[in-house]
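One structure is given here, and the rest of the page talks about it.
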Amino acid sequence: MQKVELTDDSLVSLLKNNDTKAFEIIYRRYWHQLYGFVYQQTGSKEEAEEILQELMLSLWQNRAQSRIQNLSAFLFIAARNLTNRYFRKKINLRKYREYQLLHEVFENIDIDHIFNENQLSEAIEKVLSQLPEKTATIFRMNKINELSVKVIAAQMGLSDKAVEYHITKSLKMVRQRLNEFVCDN
Numbered sequence: 004m005q006k007v008e009l010t011d012d013s014l015v016s017l018l019k020n021n022d023t024k025a026f027e028i029i030y031r032r033y034w035h036q037l038y039g040f041v042y043q044q045t046g047s048k049e050e051a052e053e054i055l056q057e058l059m060l061s062l063w064q065n066r067a068q069s070r071i072q073n074l075s076a077f078l079f080i081a082a083r084n085l086t087n088r089y090f091r092k093k094i095n096l097r098k099y100r101e102y103q104l105l106h107e108v109f110e111n112i113d114i115d116h117i118f119n120e121n122q123l124s125e126a127i128e129k130v131l132s133q134l135p136e137k138t139a140t141i142f143r144m145n146k147i148n149e150l151s152v153k154v155i156a157a158q159m160g161l162s163d164k165a166v167e168y169h170i171t172k173s174l175k176m177v178r179q180r181l182n183e184f185v186c187d188n
């Protein structure tokens, strides 16, 4: 049996008519290219897979009303948009993690003494600049970038125990120094 290669336009037309085989062909035809594109942007296998899963699900769910002129361009633009949305969420998550961290650090400190957020950020950066470089880096990776102990250990070539030591040491120093900062104001 001779295999006929369907054009992208044919696949889009079949997809609009609920053809699951057309969807499977689109998926197989573009998955690896899209994965490479998204992975290059995110640097994370899991995030790239999740973004592409969302893209393909959206393609299938919106097949009837889609007005795709160029399938390849459509898929790559959609992948770029979903990747951008991922980074926007990650930025908001980072801000939230910073808020959580500050809440954790200041739960026993009277924050009324701190005049504004800029002073607080400056105080934190000042404390981190006074810590050993490796300790400050591990603190940022864990508390701000939300990386796990295992990931940090692998990236920095350290044991899990060493990373935990640096996190404990940095939290103690941050609490102590920021408490001094508040008392000085």
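Count along the sequence shown from 1, then add 3; that gives the number in the numbering used here.
Where a beta carbon is used, it is the ideal one built from N, C-alpha and C, also for glycine.
Bear in mind that the values here come from a model prediction, so they are computed numbers and not experimental data.
Chain-order list of residues whose beta-carbon lies under 6 Å from that of residue i (same chain, five-residue window excluded)
| i | result |
| --- | --- |
| residue 211 | The structure shown does not extend to residue 211, since the chain spans only 4 to 188, so no value can be given for it. |
Same chain only: Cβ atoms within 7 Å of residue i, ignoring 5 sequence neighbours per side
| i | result |
| --- | --- |
| residue 14 | 25, 28, 29, 74 |
| residue 167 | 152 |
| residue 63 | 26 |
Integer Cβ distance of residue i from residue j, believed to fall under 8 Å
| i | j | result |
| --- | --- | --- |
| residue 79 | residue 71 | Not confirmed; about 12 Å, so no contact. |
| residue 85 | residue 54 | 5 Å |
| residue 154 | residue 163 | 10 Å between Cβ atoms; not a contact. |
| residue 104 | residue 172 | Wrong, their Cβ atoms sit about 15 Å apart, outside the cutoff. |
| residue 134 | residue 176 | 6 Å |
| residue 61 | residue 19 | The Cβ separation is near 15 Å, so there is no contact. |
Residue from the options with nearest C-alpha to residue i
| i | options | result |
| --- | --- | --- |
| residue 174 | 45, 54, 138 | 138 |
| residue 143 | 158, 170, 157, 133 | 170 |
| residue 66 | 156, 150, 21 | 21 |
| residue 32 | 46, 11, 40, 91 | 11 |
| residue 44 | 64, 157, 89 | 89 |
| residue 94 | 48, 148, 166 | 148 |
| residue 87 | 40, 158, 136 | 40 |
Cutoff 8 Å; reference residue i; Cβ partners in own chain excluding five residues on either side
| i | result |
| --- | --- |
| residue 37 | 55, 58, 78, 79, 82 |
| residue 3 | Nothing can be reported for residue 3, as the shown portion of the chain is limited to 4 through 188. |
| residue 165 | 156 |
| Taking only runs of the alpha helix (DSSP H) that begin and end inside the segment 154-188, which ones reach a length of at least 4 residues, in chain order? | 163-187
| task | Please list the segments of the beta strand (DSSP E) lying wholly inside the segment 13-39, counting only runs of 3 or more residues, in order along the chain. | result | List check, beta strand (DSSP E) in window: nothing returned.
| field | alpha helix (DSSP H) runs contained entirely in the segment 35-87, provided each spans 4 or more residues | value | 48-64
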